[in-house]
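Trainee: Sharing a structure below in structure tokens format, with a few things to ask.
This is the structure:
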């Protein structure tokens, strides 16, 4: 397959490929595609797990109305978890 890149993009890819020791721009682009897949695959798995958890939660009990206090508590808990994760990263 042949891909035509706009000249400024090709020049940038060529410079990076040379700097990083790739044999060609094509080899560099191939590595980018492989790297992207290795990054995206875990995200897809995570999204699937989140979807499953949401569906399980929906099926676990009948729906109920949330009051302002419920939303406030939920917000507090989310911010607490976010704060804990941002301090450990």
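Numbering (my numbering), first residue to last: -16 to 72. For glycine and all other residues, C-beta sits at the position ideal for the given N, C-alpha and C.
1. Would you check if the distance between the CB atom of residue -1 and the CB atom of residue 11 is smaller than 9 Å?
2. Go ahead and pull the three-state DSSP assignment for residue 40.
3. Exposed or buried, residue 8, counting other C-beta atoms within 10 Å across all chains shown (16 or more means buried)?
4. If you draw a straight line from the alpha carbon of residue 23 to that of residue -12, how long is it in whole angstroms?
5. Since I believe residue 5 is in contact with residue 14 (beta carbons under 8 Å), could you give me their beta-carbon distance rounded to a whole number of angstroms?
6. Is the beta carbon of residue 49 closer than 9 Å to that of residue 41?
7. Can you tell me whether DSSP reads residue 9 as helix, strand or coil?
Mentor: Quick answer:
1. Between residue -1 and residue 11, the C-beta gap is smaller than 9 Å, which places the two residues in contact.
2. In the displayed model, residue 40 falls within a helix according to three-state DSSP.
3. Under this definition residue 8 is a buried residue.
4. Approximately 23 Å, taken between the alpha carbons.
5. Between the beta-carbon of residue 14 and that of residue 5 there is about 7 Å, and that keeps the pair under the 8 Å contact cut.
6. No.
7. Collapsing the DSSP output to three states places residue 9 in a helix.
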